[in-house]
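Number of protein chains: 2
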Amino acid sequence: MATSARERLLNAATELFYEEGVHTVGIDRVIERAGVAKATLYNTFGSKDALIRAYLADRHESRRSRITAKVEQQTDPRLRLLAVFDALGDSIAAPNYRGCAFVNASAEASRDSSIQQVSTEYRGWVRGLFADLARAAGAADAELLARRLMLLYDGASIAARMDGDPDAAGLARSTAADLLDAATAPTGAATGAATAKRV
Amino acid sequence: MATSARERLLNAATELFYEEGVHTVGIDRVIERAGVAKATLYNTFGSKDALIRAYLADRHESRRSRITAKVEQQTDPRLRLLAVFDALGDSIAAPNYRGCAFVNASAEASRDSSIQQVSTEYRGWVRGLFADLARAAGAADAELLARRLMLLYDGASIAARMDGDPDAAGLARSTAADLLDAATAPTGAATGAATAKRV
DNA sequence: GATTGAATAGACAGGTCTGTCTAGTACGGC
DNA sequence: GCCGTACTAGACAGACCTGTCTATTCAATC
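Just so you know, the sequences run in chain order E and Y. Note that the numbering used here has the first sequence beginning at 1, numbered continuously upward. Note that the numbering used here has the second sequence beginning at 1, numbered continuously upward.
Below, the structure written as structure tokens:
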């Protein structure tokens, strides 16, 4: 057998926790799919909560590498920023897409759960990436644009999950393109955020 | 006692389900807070699942009236559209805000649960409202703008819940204002969606 | 006053959950 | 050959869950 028990547990947890929710899926289902004894799980991870954290940390890593790969395919700063939404589009197109794993896990956990911390790390990384890419693309206020792009990014995952919208990522991407263009426009007329025109 | 058993049950369910999640909170906690016997709950609603649906339907109604009231306060079509985000801002400002009740409940339920149906109704209403307000404000493509505004609306609730961003609604509102302005601009240069310029 | 309906408290069944524990097995290094 | 390590299978405790059922109280109506 090529894979370690830890790896098989993490794979089983990833599939089950993501598709059915961390609360609904019990330990027995995880160890059954992993083909592993219960004691092994508790020797390896210590608790279900720790397994959930490991699942999310693993997810964080795989999302990061997928997004980074998409970004690196591009050289134009503008296309590099929009590539984040292309990576999201790939995820949404998967047949078993069920929304953002961090948003879902967070909704199931209590407010002060340690799950929130792992989610915060992931979200901080995405926002930081948006800010870096926005700066490189010459946005007037990169931090503000990054926060706006996060709205679109999260909104797209919600639209895909709740409404089954298959083009949610494309919608977010085109909107992001418009915001980016407005934030990098040479004329100060429609820079968006900074304009206090009207209300 | 002025309120009926049904009303007290619904109030207790609303508080507990929203703050702690529909899965985590058991029947016993609900009836204890409502000060009602278990048999009364089952005579009134039939099952926990039906109580959850009633909780969401109730939420739908209260959200609708709150949003409608905010919109009706304005006469300018542009401000009427943005008022939806003002209503969201009021919700987020509440000390116990925990995100969109429908998104959260949906994350806890199985994919084909009847909960999804109640959520779909709510989301359809919001999107329809956005489309109506966008049309009234003279947007070039009201349906497209409505879908984009949904991204911002959902994104703001996620940002508020996951990042604790107190100004998430303001951020979404200012972004929505920019999108609306672009979609109603007299010059065809920056109408946003329809422009196929660049990628 | 008797009857009826709706509520009450709470025991109970049958199931699921996490986490612990015992007992046994396979294998690599020495 | 022997020992330590990592694993397996599975019983078990203790808690919690939903939903049903019994037995009782209270108030309004006939």
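We put the beta carbon where it would ideally sit given N, CA and C, even for glycine.
With distances taken Cα to Cα, identify the nearest neighbour of residue i among the options.
{"i": "alanine 105 of chain E", "options": "E:Ala12, E:Gly155, E:Arg59", "result": "E:Arg59"}
{"i": "cysteine 100 of chain E", "options": "E:Met150, E:Arg8, E:Ser47, E:Ala182", "result": "E:Met150"}
{"i": "lysine 48 of chain Y", "options": "Y:Thr24, Y:Leu152, Y:Asp165, Y:Asp141", "result": "Y:Thr24"}
{"i": "leucine 9 of chain E", "options": "E:Ala109, E:Arg33, E:Gly26, E:Ile67", "result": "E:Arg33"}
{"i": "glycine 164 of chain E", "options": "Y:Ile52, Y:Val36, Y:Gln116", "result": "Y:Gln116"}
{"i": "alanine 68 of chain Y", "options": "Y:Trp125, Y:Ser113, Y:Leu51, Y:Ala54", "result": "It is worth fixing the name first, because residue 68 of chain Y is threonine in this sequence and not alanine. Measuring from the Cα of threonine 68 of chain Y, the nearest candidate turns out to be Y:Trp125."}
{"i": "aspartate 112 of chain Y", "options": "E:Leu180, E:Arg98, E:Ala168", "result": "E:Arg98"}
{"i": "serine 110 of chain E", "options": "Y:Pro166, Y:Ser91, Y:Val22, Y:Ala176", "result": "Y:Val22"}
{"i": "aspartate 167 of chain E", "options": "E:Tyr55, E:Ile92, E:Leu152, E:Phe102", "result": "E:Ile92"}
{"i": "glutamate 72 of chain E", "options": "E:Ser62, E:Val84, E:Glu61", "result": "E:Val84"}
{"i": "serine 174 of chain Y", "options": "E:Thr184, E:Ala13, E:Leu152, E:Arg148", "result": "E:Arg148"}
{"i": "aspartate 86 of chain Y", "options": "Y:Lys70, Y:Asp76, Y:Asn96, Y:Arg78", "result": "Y:Lys70"}
{"i": "glutamate 121 of chain E", "options": "E:Leu79, E:Pro95, E:Arg63, E:Arg78", "result": "E:Arg63"}
{"i": "glutamate 19 of chain Y", "options": "Y:Tyr42, Y:Ala94, Y:Thr75", "result": "Y:Ala94"}
{"i": "glycine 170 of chain Y", "options": "E:Pro186, E:Leu144, E:Ala172, E:Gly46", "result": "E:Leu144"}
{"i": "tyrosine 42 of chain Y", "options": "Y:Gln74, Y:Arg6, Y:Arg161", "result": "Y:Arg6"}
{"i": "threonine 75 of chain E", "options": "E:Leu133, E:Ser157, E:Ala142, E:Thr44", "result": "E:Leu133"}
{"i": "arginine 78 of chain E", "options": "E:Gly26, E:Arg135, E:Asn96", "result": "E:Arg135"}
{"i": "serine 114 of chain Y", "options": "E:Leu129, E:Met162, E:Ala142", "result": "E:Met162"}
{"i": "serine 213 of chain Y", "options": "Y:Asp28, Y:Thr14, Y:Arg80, Y:Thr40", "result": "Shown here, chain Y extends from 1 to 199; a query on residue 213 of chain Y therefore has no answer."}
{"i": "serine 65 of chain Y", "options": "Y:Leu129, Y:Gly35, Y:Asp141, Y:Asn11", "result": "Y:Leu129"}
Counting only C-beta atoms, is residue i closer than 8 angstroms to chain E at any point?
{"i": "threonine 75 of chain Y", "result": "no"}
{"i": "methionine 1 of chain Y", "result": "Because the pLDDT at methionine 1 of chain Y is just 41, under 50, the model does not fix this residue reliably, and the value given afterwards should be weighed accordingly. Answer no: the Cβ-Cβ gap between methionine 1 of chain Y and chain E never drops below 8 angstroms."}
{"i": "glycine 99 of chain Y", "result": "yes"}
Run through chain E and tell me which residues come within less than 7 angstroms of residue i, C-beta to C-beta.
{"i": "leucine 152 of chain Y", "result": "Leu151, Gly155"}
{"i": "arginine 123 of chain Y", "result": "Met162, Asp163"}
{"i": "threonine 68 of chain Y", "result": "Neighbours of threonine 68 of chain Y on chain E: none; closest Cβ ~20 angstroms, over 7 angstroms."}
Please tell me whether residue i has its Cβ less than 8 angstroms away from any Cβ of chain Y.
{"i": "glycine 128 of chain E", "result": "no"}
{"i": "serine 4 of chain E", "result": "no"}
{"i": "valine 103 of chain E", "result": "yes"}
{"i": "leucine 16 of chain E", "result": "no"}
{"i": "threonine 44 of chain E", "result": "no"}
{"i": "valine 40 of chain E", "result": "The sequence given here places threonine at residue 40 of chain E; valine does not occur at that position. It does not; no Cβ of chain Y falls within 8 angstroms."}
Going along chain Y, which residues have a C-beta under 8 angstroms from residue i?
{"i": "serine 113 of chain E", "result": "Simply none; closest approach about 11 angstroms."}
Cβ closer than 9 angstroms: which chain E residues qualify as neighbours of residue i?
{"i": "glutamate 108 of chain Y", "result": "Gly21, His23, Thr24, Asn104, Ala107, Glu108"}
{"i": "glycine 170 of chain Y", "result": "None at all; the shortest Cβ gap to chain E is about 11 angstroms."}
Anything in chain E within Cβ reach of residue i, meaning under 8 angstroms, just list it in chain order.
{"i": "alanine 159 of chain Y", "result": "Arg147, Met150, Leu151, Asp154"}
Between which two residues does the alpha helix (DSSP H) holding residue i run?
{"i": "tyrosine 97 of chain E", "result": "Note, tyrosine 97 of chain E: premise wrong, no alpha helix (DSSP H); not H, not E."}
{"i": "alanine 176 of chain E", "result": "168–184"}
{"i": "histidine 60 of chain Y", "result": "48–72"}
{"i": "alanine 12 of chain Y", "result": "5–20"}
{"i": "glycine 124 of chain Y", "result": "115–136"}
{"i": "threonine 44 of chain Y", "result": "38–44"}
{"i": "arginine 147 of chain Y", "result": "142–163"}
{"i": "valine 103 of chain E", "result": "101–108"}
{"i": "aspartate 28 of chain E", "result": "27–34"}
Pull up the CB-CB distance for residue i and residue j, whole angstroms please, since I reckon it's below 8 angstroms.
{"i": "leucine 56 of chain Y", "j": "serine 119 of chain Y", "result": "7 angstroms"}
{"i": "alanine 176 of chain E", "j": "leucine 82 of chain E", "result": "6 angstroms"}
{"i": "alanine 137 of chain Y", "j": "leucine 180 of chain Y", "result": "6 angstroms"}
{"i": "arginine 127 of chain E", "j": "alanine 146 of chain E", "result": "5 angstroms"}
{"i": "glycine 89 of chain E", "j": "leucine 152 of chain Y", "result": "Contact flag wrong, Cβ pair sits at about 19 angstroms."}
{"i": "alanine 139 of chain E", "j": "alanine 183 of chain E", "result": "4 angstroms"}
{"i": "isoleucine 158 of chain Y", "j": "valine 103 of chain E", "result": "6 angstroms"}
{"i": "alanine 54 of chain Y", "j": "phenylalanine 45 of chain Y", "result": "6 angstroms"}
{"i": "alanine 107 of chain Y", "j": "glutamate 61 of chain E", "result": "Alanine 107 of chain Y to glutamate 61 of chain E, Cβ: 22 angstroms. No contact."}
If the cut is a Cβ gap below 7 angstroms, which residues of chain Y does residue i touch?
{"i": "serine 119 of chain E", "result": "Met162"}
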